[in-house]
Amino acid sequence: MYLYLIRHGIATDPDPFAVDAIASDELRSLTKLGRKKVEQVADRLVKLEVEFDLIITSPLVRARQTADLLLDKQLSSQLEVSQELKPSGNLPAWLQEWEARSIDPNSISELALVGHEPNLSQWAELFVFGKVCDRLVLKKGGIIGLKFEENRLAIGTAQLCCLLSPKYLI
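Residue numbers (this note's numbering): 3 to 172.
Next up, the structure:
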């Protein structure tokens, strides 16, 4: 199984005057440049014949817009939203959510998660090394690819296949 961790594209800056900083952050959308770069990354993935059986995204606007652009390029036909992919989410809770699904694990061979930093790079380190090392950095619109020998996502069992910033894809 392959797991692709995809960071959302460039988003508008946080509103420094927002009364509710969390709600304001959740509503930040992609900028015109952010949208363009995500579309270019998606076009490159199409040329590489990458296809996801399922995309799961954070519910935050910028992540959802990124996931929608991947869908628009027909990189997947299935999209789901997970609260655990919010910046406040955590990997053990997401894994528990994933394992509780009634889906046959063998039916998913390519899975994409669209989310935020530092979560995605920390999750990648947990999957590969079994601990957070704070060494991987995922740029906006970038991708981390992980390979699992069995169709079971487990901490410390992945092989790092790629770490690509958008500039290497477009």
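The beta-carbon is built from N, C-alpha and C at its ideal position, and this holds for glycine as well.
These numbers come from a predicted model, not from an experiment.
Counting along the chain, no beta strand (DSSP E) covers GLN80, and no H or E run does either. The three-state secondary structure of GLY36, taken from DSSP, is helix. A straight-line Cα-Cα distance of about 33 Å links LEU113 and ASP22. Sixteen is the threshold: when 16 or more other Cβ atoms of the shown chains lie within 10 Å of the Cβ of GLY143, as they do, the residue is buried.
For TYR4, the pairing in a beta bridge is given by DSSP as GLU112, LYS149. When the alpha-carbon of LEU115 is set against those of ALA44, ARG137, PHE129, GLU82, the nearest one is in GLU82. Nearest to LYS88 by alpha-carbon distance, out of ARG103, ARG46, ASP45, GLU119, is GLU119. Between the alpha carbons of PRO168 and GLN124 lies a distance of about 19 Å. According to the DSSP secondary-structure assignment, CYS163 is paired through a beta bridge with no residue. Taking 8 Å as the cut-off, the Cβ atoms of LEU171 and VAL43 count as close.
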